[in-house]
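Going by the numbering used here, the letters in the sequence shown line up with residues 4 to 151, in that order. We put the CB at the ideal spot given by N, CA and C, even for glycine. The model shown is predicted, which means the values in this text are computed figures rather than measured ones.
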Amino acid sequence: MFKIIKTDLSSPFLPGSMEFDETDNELLTQYCVTERWTGDLSNGLFALGDKAALAHGLPQRTCGLLNLIRCYEPLDRTRVLELFEQAAASSSSFCFSTTIHLDGAPRQPVFCVGESTGLEEKYAGSIIGVFIFPRFQIDLAGRRFKRQ
Numbered sequence: 004m005f006k007i008i009k010t011d012l013s014s015p016f017l018p019g020s021m022e023f024d025e026t027d028n029e030l031l032t033q034y035c036v037t038e039r040w041t042g043d044l045s046n047g048l049f050a051l052g053d054k055a056a057l058a059h060g061l062p063q064r065t066c067g068l069l070n071l072i073r074c075y076e077p078l079d080r081t082r083v084l085e086l087f088e089q090a091a092a093s094s095s096s097f098c099f100s101t102t103i104h105l106d107g108a109p110r111q112p113v114f115c116v117g118e119s120t121g122l123e124e125k126y127a128g129s130i131i132g133v134f135i136f137p138r139f140q141i142d143l144a145g146r147r148f149k150r151q
């Protein structure tokens, strides 16, 4: 899944249309690990949290886009790169899902939701988002799911 749309920040979600209560938060925490990330479009660097950096096999929390997507499904890398290029060109909301492949480790599904802002201003803008990691991995051999 790879989706991107131009955003109109002057028309946010309607009040009450996206209610999220404590029970929803508990369920999300039960089934997923989530972590926020940011991207600075003036220098091309992304700042990840500790969990996201570890899940992506990165030794540091700050990285470039190519280092970030290097562990994604080979067929998805180009599409994710194109999505980020589009988001860097105009303020957009986007989402994608793929699988992380690290040598010798089970595959980890990952979902990403984010938005780019400030591109119409006089500076390069930024991208913010969240990674969502389901609490299971896909076994390499039998493609079975392994609960964490």
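Rounded to whole angstroms, Ser45 and Phe114 show a C-alpha spacing of 25 Å. If you ignore the 5 residues before and after Leu48, its C-beta comes within less than 8 Å of the C-beta of Gly42, Thr65, Cys66 and Gly67, all in its own chain and listed in chain order. In the three-state reduction of the DSSP assignment, Asp79 falls in the helix class. The residue among Leu61, Ser95 and Phe99 with its C-alpha nearest the C-alpha of Asp79 is Phe99.
When beta bridges are read from the DSSP output, Ala50 appears opposite Thr41 and Thr65. Around the beta-carbon of Leu86, 16 or more other beta-carbon atoms lie within 10 Å, marking it buried. When only Cα atoms are considered, Pro77 and His59 end up about 14 Å apart.
For Glu118, the uninterrupted beta strand (DSSP E) run begins and ends at Gln111 to Thr120, by DSSP.
Relative to the Cα of Ile130, the nearest Cα in the group Ile141, Arg138 and Val116 belongs to Val116. Here the alpha carbon of Gln111 sits roughly 9 Å from the alpha carbon of Arg138. Annotation for Glu29: the continuous alpha helix (DSSP H) segment containing it runs Glu25 to Tyr34.
Bridge partners of Phe134 according to DSSP: Glu38 and Cys115. Boundaries of the beta strand (DSSP E) harbouring Cys98: Ser95 to Ile103, taken from the DSSP string. Non-local C-beta neighbours of Trp40 in its own chain, meaning closer than 8 Å and more than five positions away in sequence, comprise Phe49, Ala50, Leu51, Gly52, Ala55, Gly117, Ile131, Gly132, Val133 and Phe134, ordered along the chain.
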